[in-house]
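A.B. asks: Quick note on my numbering: the sequence shown kicks off at 20 and runs consecutively. The structure's right below; bear with me while I get my questions together.
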Amino acid sequence: MKVVVVGGGAAGLASLKYLTTAHQFYPDLDPIEAQLFEAEDSIGGVFAYRAWKGGELVSSKFLTTFSDFRLPEDAADFLGLHEFKEYLLNYALHFKLYDYIRCKAAVSNVRPRDDGEPGHIVTVFYRDTQQYSEHTCDAVIVCSGLHLTPEFPDTIPGLLAAPPTATPPREFKNRDGPASEFLNADGTPSTVVILGGGETAHDIAYFAVNNPRVGRVVMSTRDGFFLAPKVTPEPIILRVWGRPYPGKRPNKPIDTTIASLFDTAYVPPLLQRSMLLWDYYDAWVRGMFAAICGTTGGFDQWVGRVSGERDHVDSFFVVKTDKAIPYISAPYRGGFWNAIRAFFINIPIKDNQGRVIELAPWPTSIKKVEGYEKEVMEFADTGSAESEMLKTKEPVQPDVVIVSTGYRREFPFLDDRYPKLRECRVRGVYDKIEDGIAFVGFVRPAIGAIPPLAELQAQLWISRYIEHSLATKQGAPASEKDGLLSSPYPRRSKNAVPHYELDYKMHPRGGYDLSGNRHGVDHESYAYQLAVDMGAAPTATHVLRRHGWKVFYTWAMGSNFNIKFRLVGPWAIPDQAGQIMRTELWSVVSRTGGIVFIVTYTIVPQILFGILSLLILGGIHVRRILRSLVKMLSG
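Structure below.
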């Protein structure tokens, strides 16, 4: 079996690793002939070529790192972008992947075989020799990445026609930080406008507002944003208790706080696909932020709230970098009742030293206006607080416009006969297993990380393709129904939970569909769905009986870390998985995050949804018994 991987980022390396080690898990399988082609000079993807100095991951090391290659205990909870690049290089070295990697090799075309036989022809342009070469293979895994082609807005008159030049964020990848070289020709500080409200936009705004060469920073969003911290917040009580001090241990990362038992594990489909869980967490987030910050719009977010029907946690990507928010919210904080609340409980407020990031609605145009030397950017009048505040300021005359509005998912090298990414019915990974083509690393979680989801996607598709190929070789190809194996996994362990469907997609609201347009998913539900698909989600009794109470506690009270899905299933490494769970992951899961947090965010919903789940499951069991009795009596 020959398989080509396109792209050497996190998704490509994870896919290559499972291809090259698959024969260790499938005794009937010969070693797979795998090859990875990377267009750049080295592997690492976005972390090697589109990461600026000082950038940091918003997902923790506990969730982000791959299941069987962990970081040292003394590594920071959140890695810098360049540190994660080094992690990927070490991952490739540890699993001896370099023998299968060819860099400076750009895939220019992938097409079905010309003779009509199953398989593909991959055309590669080798930059060092300036030669093209064709490779025939059985399957292709596309891992070309999410951050290649910037998506420029085309509905702002004048944006691309006149100075200032609109620039994508990646132009600043090799500088000391975005905006580090902004200085007008006459030596005056520049005005920087950032279009977009996501994490990259917030990072750029933070770098810009702290740069002495920048005099004014404006961040413009289409419809606001929702900010949540990447670390569990620690409010200060009565201005004394909980105050930060030098050397204080950072609190628990927010992406490790979700107790999976009765959130995804052992939740009946009737409850899991309802709005009850979503509505509880939406209400909890709003209430908690109101108590500790004074606002329900987001964490210390007094302006830029998502509008109308969209303002629900089931429908937007959460911004998890909070460095810029003190500069955004500073002009809007205040009020008598907020001062009273803040006396009793409040989050630490960073001193913005008089600097602000102005928030603005979406631009309507950029044009020459009489009386002004430079082009003037005009904005929609939305009636929002930021819109009204902007009217009191001088017109915005940008020297630099940074367009941080996302990226297109484009695959110019793929033949038109292949299914498009949006046509991949099976978890957004593939359409039909016999097609021999998969897309790995193209979903985006609302809270979570892409690399661990890419690892699970690779596990799913590779195991499915191997099963299909082995069955075909034996003359009995495994059939699929609606894209899923009928079994759904032929070698399912009795220690894995039965297969069922979860609601893992972000919900469309207010004309926005992040699932359909951006492949948005809920990390916890999507990870568990992939595990259930593979037969890799262990039963509670197996975890407790086989691995003991520490592993059971980590499994029940922790997030869906990938290693939890290697206790059983096609890629099981039970001893190693158990050891990681009872040491590294136990150390973070056993931290409470604060008594109020663990009670309201973990214990209360676990009791509430646990009781509901048990009642529903009990009702289903009783119904089955009654049906059997009726059938027996009538027969």
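In this text, a Cβ means the ideal position worked out from N, Cα and C, and glycines have one as well. All of these numbers come straight from a predicted model, not from anything done at the bench.
Round the Cβ separation of T275 and G577 to the nearest angstrom and send it over; I've been treating them as touching at under 8 Å.
C.D. replies: 6 Å
A.B. asks: Considering only the alpha carbon of each residue, which of S61, C156, L38, G177 lies closest to K21?
C.D. replies: C156
A.B. asks: With a CB to CB cut of under 8 Å and the five nearest residues on each side skipped, what residues in its chain are close to V117?
C.D. replies: The displayed chain sequence assigns Tyr, not Val, to residue 117. Result list for Y117: A111, in chain order.
A.B. asks: Which of helix, strand or coil does DSSP assign to P470?
C.D. replies: In this structure, P470 counts as helix in the three-state DSSP scheme.
A.B. asks: Would you mind giving the Cβ-Cβ distance between I347 and L378, rounded to the nearest angstrom? I have them listed as a contact below 8 Å.
C.D. replies: 6 Å
A.B. asks: At what residues does the alpha helix (DSSP H) containing I626 begin and finish?
C.D. replies: 623-653
A.B. asks: Quick one, which of T148, K492, I452, S512 has its alpha-carbon nearest A550's?
C.D. replies: S512
A.B. asks: State the beta-bridge partners of C156 as determined by DSSP.
C.D. replies: H139
A.B. asks: So who's on the other strand from S384, going by DSSP bridges?
C.D. replies: E397
A.B. asks: Helix, strand or coil for P272, going by three-state DSSP, please let me know.
C.D. replies: strand
A.B. asks: Apart from the five residues just before and just after V516, which ones in its own chain have a Cβ nearer than 7 Å to its Cβ?
C.D. replies: By the criterion of a C-beta distance shorter than 7 Å, V516 is surrounded in its chain by V551, A556, T558, once the five residues flanking it on both sides are discounted.
A.B. asks: Can you tell me whether E253 is buried or exposed, with buried defined as 16 or more other CB within 10 angstroms of its CB?
C.D. replies: Classification for E253: buried.
A.B. asks: Let me confirm a value: G539 is counted as buried when at least 16 other C-beta atoms fall within 10 Å, else exposed. Which label applies?
C.D. replies: buried
A.B. asks: Would you list the residues sitting across from W260 in a DSSP beta bridge?
C.D. replies: I256
A.B. asks: Identify which residue in P380, A247, R292 has its Cα closest to the Cα of T314.
C.D. replies: A247
A.B. asks: Identify every run of the beta strand (DSSP E) within the region 43-110, keeping only runs that are complete inside it and at least 3 residues long; order them along the chain.
C.D. replies: 52-56
A.B. asks: In angstroms, rounded to a whole number, what distance separates the CA positions of D134 and E153?
C.D. replies: The straight-line gap from Cα to Cα measures roughly 15 Å.
A.B. asks: Quick check on the burial criterion: 16 or more other C-beta atoms within 10 angstroms. Buried or exposed for G323?
C.D. replies: buried
A.B. asks: I'd like the span of the alpha helix (DSSP H) that includes V304, first residue to last.
C.D. replies: 295-312
A.B. asks: Nearest to G353 by CA position, among S326, Q320, V325, is which residue?
C.D. replies: Per the Cα distances, Q320.
A.B. asks: Any idea what DSSP makes of L549, helix, strand or coil?
C.D. replies: helix
A.B. asks: For G234, collect the residues of the same chain with a Cβ closer than 8 Å to its Cβ; drop the 5 residues on either side in sequence, then sort them by chain order.
C.D. replies: T207, P208, S209, T210
A.B. asks: Taking its Cβ as the centre, do 16 or more other Cβ atoms sit within 10 Å of M238, making it buried, or is it exposed?
C.D. replies: M238 sits buried, since 16 or more C-beta atoms from the chains shown fall within 10 Å of its C-beta.
A.B. asks: In angstroms with no decimal places, state the Cα-to-Cα distance between G554 and A473.
C.D. replies: 17 Å
A.B. asks: Report the rounded CA-to-CA distance for L489 versus L479, giving the unit in angstroms.
C.D. replies: 16 Å
A.B. asks: By how many angstroms is the C-alpha of S384 removed from the C-alpha of G138?
C.D. replies: 50 Å
A.B. asks: Between the region 412-429 and the region 163-182, do three or more beta carbon pairs fall short of 8 Å?
C.D. replies: Counting Cβ pairs under 8 Å, three or more are found: they touch.
A.B. asks: Return yes when the Cβ of P414 is within less than 7 Å of the Cβ of V395, no when it is not.
C.D. replies: yes
A.B. asks: Less than 7 Å between the C-beta atoms of L76 and T84, yes or no?
C.D. replies: no
A.B. asks: Can you tell me whether DSSP reads E392 as helix, strand or coil?
C.D. replies: coil
A.B. asks: Expressed to the nearest angstrom, what Euclidean distance is found between the alpha-carbon atoms of F114 and K36?
C.D. replies: Approximately 7 Å between the Cα atoms of the pair.
A.B. asks: Do V228 and I376 come within 7 Å of each other at the CB atom, strictly closer than that value?
C.D. replies: Yes. Within cutoff.
A.B. asks: Would you mind reading off the limits of the alpha helix (DSSP H) that contains E218?
C.D. replies: 218-228
A.B. asks: Taking the alpha-carbon positions, what's the F81 to L214 distance?
C.D. replies: 32 Å
A.B. asks: Could you give the first and the last residue of the continuous beta strand (DSSP E) run that contains A125?
C.D. replies: 124-131
A.B. asks: Does DSSP put V325 in a helix, in a strand, or in coil?
C.D. replies: coil
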